[in-house]
Each structure stands twice: as C-alpha cells, then as structure tokens.
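Okay, so here's the structure we're looking at.
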Amino acid sequence: MFKSIKNDLPASIVVFFVALPLCLGIALASGAPLFSGVIAGIIGGVVVGALSGSKLGVSGPAAGLAAIVLTAIVSLGSYENFLVAVVLAGIIQIIFGVLKAGVIGYYFPSSVIKGMLTGIGIIIILKQIPHFFGYDAELEGADSFIESSGENTFSALLNISDHLILGSLIIGLLGLGIILFWDKVLSKKAKIFQIIQGPFVAVVVGVVYFGLTQDSDTLNIASSHLVSVPIPEDFDSFLGQFSFPNFASIVNPDVWVVAFTIALVASLETLLSVEATDKLDPHKNVTPTNRELLAQGTGNIVSGLVGGLPITQVIVRSSANIQSGGLSKMSTIIHGFLLLISVVVIPKLLNMIPLSVLAAILLVVGYKLAKPGLFVKMYKMGWKQFVPFVVTVLGIVFIDLLWGIGLGLAVGVVVILLKSYQNSHFLHIEDKSNGKHKIKMTLAEEVTFFNKGAILKELDSLPLESYLEIDLIKTRFLDNDIIEILEDFLFKAKERNIDIKLVSKRGIVENPSSFIRFFNERPKSSLSLS
C-alpha cells in the first residue's frame, strides 16, 4: 500500500474535504449529536478501510440512512438506546458476510448501477448549487427530493436569488476556477501540481478569503455559511462528545427491528457502492463482497460502541477518491486519520472553511459522475439498457437513492425476463493435456446479468499462464453486463499471462483487443447472436 503513497496522500486530502461537511450534515439530518457523524467518518476510514478488500472504496455515514436514524432515535427513546441497534446491526452484517450474502450485489444490472452513479451525480449538482450561492437552508449530504426546510430540490434552486450571499458566491466561483484550472492546465505542467491537488488550494484560498473579509459588510461570510465542527474546551470536554450504548435496552423488540432494518439497508447500499466503485476503478479491481460485509459489520460495531452513526460504503467519497488519483486503501485510511487529527487539533481552522468552496469541489465530482455524453451512450446501447438507466436516474432525483435503485431494478428485471426465459447456465471444462493448462468455457443459449457473479468468479480464479477458450457457438443472447465483464477481464488477463481464444459464429479471434468492439458490429443493449 505504501508504494503508492504519493498518489494516495493527495487523494486522501480531497476525500477529507468532501467527507467533512457530509459527516456533519448527515448527523444533523439524522437528529444525532454533531460529533457522531465525524466518529462514523473516522471509523469508516480507519477501521473499515483497513479491513475491507476494496482498494478505492470509502466508507462513512450515509444520507440514505438519515431518515431511518431520525425515526429510530425518537421511537427508541434516546440516542444511547439507538446505539445498541447500531452494534446489533454490525453483528448481523458479519453474519451476512459469513453466510456469503455479498453475492446479492452481482444481481443488479449494469444499467441500474450506471443510473445510480449518474443520478447521484445529478443530485450532488442540484443540491450543491444553493450552497455555492450561499443558500444553506438544506443540510449537506441530503439526497431526498423533499427537503427538511419544506422546499424541494427545484424550488430551492428557484429561491436562490432571495438568499444569495455575495461573499459565498465570490469565493465559490474562485474555488471552482482554481479546481478546473488546476485539473485542466496545471496538473499537466508539472508533478508538483499533481501532488498538491486543486481542491486543497481552493480550500486554503477560501480560508484566507474569510480571514481577509471578516470586517467587510458586503463581502464577509457569516458563521452559518461555514463548516461547523464542535470545538471542545479541553480534553475532558472532547471525551464528553462520545456517547455509549445503553445495553439495558437490548431486550426491547423495537431495538432489534431497527437493527435488522439498518443491517439490511446498510448492506444493500454498501454492495451497490462496491459494484459502482469497481466499475469506476480504472484498474478494474474486483472487491470481495463477503469480506466487505465483514468489514462493514465490524465498523458498525465499533461505531455504535463509541457513539457513531451507522456506516456504509458511499459512492460520493469513493468517486472523489478515484477522480483524485487514489490507488490503494491507504487513501481511505489516511482520510480517516485526517478527520481525527483535524477535529482534535484544528477545529477552529476548519470552522473558517466556506461551505461554498466545498460545494465547488462537489460540483466537479458530480459532473464527472453525470457527464451528458453518458445519456447518449446509453441511448445508443438500446432500450433494454436505456429504460432501466433513465428510470433509476429519475427515481433518485425525484424521490431518493433507494427508491431510484428499486424502481430501476424492477424495470431491469421486467426487461430481462422478456428475453431471458431459458436456461442460462454455462459449462466450465478443464483440460491439462500436453502440459498446458487449458480451460474451455462454453456459454449457454441465454446468458444474462444473473450470471455475472458466477462468470466473474470463474474468470478471477483462472490460474496464471493458462489458455482460455470461450465458446459462443450456441449462444443466441449475451447480455451487455457479461460483455463488460469480459472486457474488464482483458486487463487482468494481460497481467496474468492468460491467452484467450474467442469462438463464435462471427469467427475465431485469438487474444481480442476488445470484446466490446468485437460485439458492437450491430450496436444493441445486448448481443443477439441468432
């Protein structure tokens, strides 16, 4: 991990600046103590980051759980009672991992995962635009269409002009300009501009701007438009910010209901984030999902024991990590330590960071997740990919993350069932004759995204320097998800010296340069070979 520290350290700083306001905002939205969000962020970085098999995934408190947490704290009578449910949820997640429930993540079609990434990107942009202009009525990290202030996502945008803060807008524009100029120009000029990231410079400039304009009536930024980290007076008051579970409430059946709810939702969000993060990963690493559930469960146990919110892997922080050039889990772990050190050593300095600067960072993250060209690309892939994709995006934007994913999945299942009604198993035959380790993989007539997990596992377990023959002679329907898995496998095959022979009605190809190009002679959402 330490070999890539020159990439991971700058990335961890960017993730830190993205995570800090989200941790605080989600805690406020959850009706929990402000410090509980920071605790969850620290544990998500250090504990889960160390135990996880994901190289680039970042864990912490999630907006998708905020409504559940808010309701649970009220129904269980106290935050200390709620913490018992968090600890139990962690234990349940570990049981899920032992039972190998992580395979569930592979049963979400690629179109829904891409829709989730795009929808989250759009939500980030829509929710951060008001903060960029200084309208901070809605908490950081919110993702629901109906906002806590009584407005909705679009009415908040229409009301920006009535709440515009000139100082916030100026430093927001300046910060956005710095980030874009750094990314598009300076980072290509010298390595120093890759080590020192644009978002870090934007935050420093934001703090300087705040200090210089405090006495100005028109350009100053009020404290309500700055980061708000709790400032302990001494070490004892710092320790007093931690809460501890009231285990006497473990006999309360409602505690167990909340625990199972958190475990199920947190596990689902984590598995979806793992799938999305692996898809964004330029090196196409495959995260072991069962190990991820074990790591998340351990993190929730620790978080619950010391007063933190529930933890999941979260795509916003994970994508920021990838976009900033992170290469290993060290970036995740370091960001957790940065959260810890900063709230202990420099809380007053953190409280000088304008929210509009952090909004500028998130606007860039959101745009990279939701580039307009992706809509065109998905449309060209055919309606079987485009419809679930759009439904997922619209559900996330107009309801929330979980509803969007659920609607997209429902549509995806209906679409795939219209086509995939026959047996879709594949046969795996090994031949070690002549001293050469040969593997023949014969795909069935119908191969859909339901086979993602099995095929991915088989490809990942192939021995070094082997010879793989993929037989598609009898295959009439090959889902786009399977094509993407084969495309991603090409990267691993080169690393492991695996030769590939592709046999189909279109011909025989040795070591194809791209499966996508091979199958894209007739661009469709999935390959029909009949």
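For the sequence shown, the positions run 1 to 530 when my numbering is used. Just so it is clear, CB atoms sit at the ideal spot from N, CA and C, and this is done for glycine as well.
Asked	Found
Excluding the five sequence neighbours on either side, which residues of its own chain have a C-beta within less than 7 Å of the C-beta of Ile5, listed in chain order?	Met330
Leu409 to Phe389, Cα distance in whole Å?	9 Å
So, using beta-carbon positions, are Leu28 and Leu34 closer together than 8 Å?	yes
Rounded C-beta distance between Thr287 and Val302? I'm assuming under 8 Å.	Not confirmed; about 21 Å, so no contact.
With a floor of 3 residues, list each beta strand (DSSP E) that falls wholly inside the segment 447 to 480, ordered by position along the chain.	467 to 471
So, Ile498 versus Ser461, is the Cβ gap smaller than 8 Å?	no
Report the option in Phe133, Pro10, Asp143, Ile129 whose CA atom is closest to the CA atom of Leu169.	Phe133
If you run the structure through DSSP and keep just helix, strand and coil, what is Gln422?	For Gln422, the predicted model reports a pLDDT of 42, less than 50, meaning its position is unreliable; a value from the coordinates is still stated below. Here Gln422 sits in coil by DSSP.
Would you kindly report the start and end of the unbroken beta strand (DSSP E) that includes Lys438?	438 to 442
Going by DSSP in three states, Lys524 sits in which element: helix, strand or coil?	For Lys524, the predicted structure reports a pLDDT of 47, less than 50, and the residue's modelled location is therefore unreliable. A value from the coordinates is still provided. Lys524: coil per DSSP, three-state reduction.
Going along the chain, which residues of its own chain have a beta-carbon closer than 6 Å to the beta-carbon of Gly41, five neighbours each way excluded?	Ala19, Cys23, Gly60, Leu339
Write down the C-beta distance between Leu272 and Met116 rounded to the nearest angstrom, noting that I regard them as a contact closer than 8 Å.	6 Å
For Leu401, which residues in the same chain have their Cβ closer than 6 Å to its Cβ, ignoring the five residues on either side in sequence?	Gly64, Asp143
Quick one: grab the DSSP three-state call for Pro230.	coil
Is it right to say Pro10 is buried, meaning 16 or more other beta carbons lie within 10 angstroms of its own, or is it exposed?	buried
Near Gln194, which residues of its chain fall below 6 Å by C-beta distance, leaving aside the five closest residues on each side in sequence?	Ser187
Within 10 angstroms of its Cβ, does Asn511 collect 16 or more other Cβ (buried), or is it exposed?	exposed
Rounded to whole angstroms, what's the CA-CA distance from Glu487 to Ile396? Just pull it up for me.	28 Å
Assuming Val14 and Ser504 form a contact by the criterion Cβ under 8 Å, report the distance between their Cβ atoms to the nearest whole angstrom.	That pair is no contact at about 44 Å.
Can you give me the start and stop residues for the alpha helix (DSSP H) that Lys279 sits inside?	253 to 280
Measure from the alpha carbon of Thr153 to the alpha carbon of each residue in Leu164, Leu139, Glu233, Leu166, then state which is nearest.	Leu139
So, is Asp479 buried or exposed, given that buried needs 16 or more other C-beta atoms within 10 angstroms?	buried
I need the straight-line Cα distance from Val185 to Pro199, nearest angstrom please.	14 Å
Look at the alpha carbon of Leu355 and the alpha carbon of Asp162, and state the distance between them as a whole number of angstroms.	18 Å
So, is Leu158 buried or exposed, given that buried needs 16 or more other C-beta atoms within 10 angstroms?	exposed
Could you give the distance in angstroms between the alpha-carbon of Gly44 and the alpha-carbon of Ala62?	11 Å
Between Ala493 and the rest of its own chain, which residues show a CB-CB distance below 7 Å, the 5 nearest in sequence each way excluded?	Ile500
What are the start and end residues of the alpha helix (DSSP H) that includes Ser318?	315 to 323
Exposed or buried, Leu99, counting other C-beta atoms within 10 Å across all chains shown (16 or more means buried)?	exposed
I'd like the list of long-range same chain contacts for Ser424, defined as Cβ closer than 7 Å, with 5 residues on each side in sequence excluded.	Bear in mind that a pLDDT of 49 at Ser424, under 50, signals an unreliable position, so the model cannot answer this.
Is the segment 207 to 220 touching the segment 280 to 297, taking contact as three or more C-beta pairs under 8 Å?	no
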